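Basically my numbering = 1-based index in the sequence shown + 1. What follows is a short report on a single structure.
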Amino acid sequence: MNCPNCASEIENDAAFCQHCGARIADDHSQAEQAENDAEFPIPPTGTDATSKFQRAVAARQGDDDHVEDDVWNGCYSPKAMVGWWIAAGVITVVALVVGLMYFGDYIGWLLLALVIGWAALGGRYAYRRFGMHYYLTNQRFIHEVGILWRRIERIELIDIDDVTFRQGPIERMFNVGTIHISSSDKTDPEMDVPGIEDVRRVADLIDDLRRKERRRRGLHIEAV
Numbered sequence: 002m003n004c005p006n007c008a009s010e011i012e013n014d015a016a017f018c019q020h021c022g023a024r025i026a027d028d029h030s031q032a033e034q035a036e037n038d039a040e041f042p043i044p045p046t047g048t049d050a051t052s053k054f055q056r057a058v059a060a061r062q063g064d065d066d067h068v069e070d071d072v073w074n075g076c077y078s079p080k081a082m083v084g085w086w087i088a089a090g091v092i093t094v095v096a097l098v099v100g101l102m103y104f105g106d107y108i109g110w111l112l113l114a115l116v117i118g119w120a121a122l123g124g125r126y127a128y129r130r131f132g133m134h135y136y137l138t139n140q141r142f143i144h145e146v147g148i149l150w151r152r153i154e155r156i157e158l159i160d161i162d163d164v165t166f167r168q169g170p171i172e173r174m175f176n177v178g179t180i181h182i183s184s185s186d187k188t189d190p191e192m193d194v195p196g197i198e199d200v201r202r203v204a205d206l207i208d209d210l211r212r213k214e215r216r217r218r219g220l221h222i223e224a225v
């Protein structure tokens, strides 16, 4: 079967020509149904029809001007460091006991090493607590890292392929964890977001928003 407008070969039951967009179906209701099922309006022929088609496309594109709203924000939770503090406390007690019993002559060096260790741990906590900030909108996830020098990473929710989270035994006790985001973003295809409080709820929130964003833009959930 050939299109009467451009003579291109088309399927026998086609309602519109896939090459020029001319209406083929004799049944007006069938043609309207085909147009409603299309992702964008099918361009009819004629000057007036072309203008109407252009206005319809502009209206569809206007739907993409979606307002970006803040949904959630957070920072590194102090609870995520509880395991480190417990481990440091145990190591300190054991080191002092062993040092006093067997290495009394070097107790000063031992104390210096312990002070340096605690200072390093405190610096690690301060950097994460005050240098990591997270923002989630209905379109993007934003990860800010740094205190004096700051790096800002943005991932479009539509580019996120998978959202998972992990927790250790102590983290589960305090309901904190690390969220792992896999995406098609070229800069950061794999991103870890540590120290998230109420981690399950936040991970589910990111996953739900990325599904809604893909549905809004008419894309499949599993692959872009």
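Where a beta carbon is used, it is the ideal one built from N, C-alpha and C, also for glycine. This structure is a prediction, so every number in the text was calculated from the model and none was measured.
So, with DSSP's three-state summary, where would you put residue i?
i, result
"R151", "coil"
"Y135", "strand"
"V68", "coil"
"G100", "helix"
"P79", "helix"
"E145", "strand"
"G178", "strand"
"G196", "strand"
"E172", "helix"
"R218", "coil"
"D186", "coil"
Between which residues of its own chain and residue i is the CB-CB distance below 7 Å, once the five residues before and five after are set aside?
i, result
"L1", "For the chain, the structure presents residues 2 to 225; residue 1 sits outside this window and is missing."
"I108", "G100 and L101"
Please confirm if residue i has its CB atom under 8 Å from at least one CB of chain E.
i, result
"R130", "Protein chains in the displayed structure number just one, and chain E is not present."
Would you mind stating whether residue i and residue j have Cβ atoms separated by less than 8 Å?
i, j, result
"I156", "D186", "yes"
"V164", "I180", "yes"
"D162", "S184", "yes"
"E12", "N3", "no"
"L115", "T93", "yes"
"R130", "Y77", "yes"
Going by beta carbon distance, what residues of the same chain come within less than 8 Å of residue i, once the five residues before and after it are set aside?
i, result
"T188", "E154"
"L111", "A96, L97, G100 and F104"
"I171", "V83, G84 and I87"
"R167", "G178, T179 and H181"
Pairing CB atoms from the segment 74-83 with CB atoms from the segment 183-198, are three or more of them under 8 Å? yes
Using a Cβ distance threshold of 8 Å, determine whether the segment 66-75 contacts the segment 128-139, with at least three qualifying pairs required. Yes, since at least three Cβ pairs between the segment 66-75 and the segment 128-139 fall closer than 8 Å, the two stretches touch.
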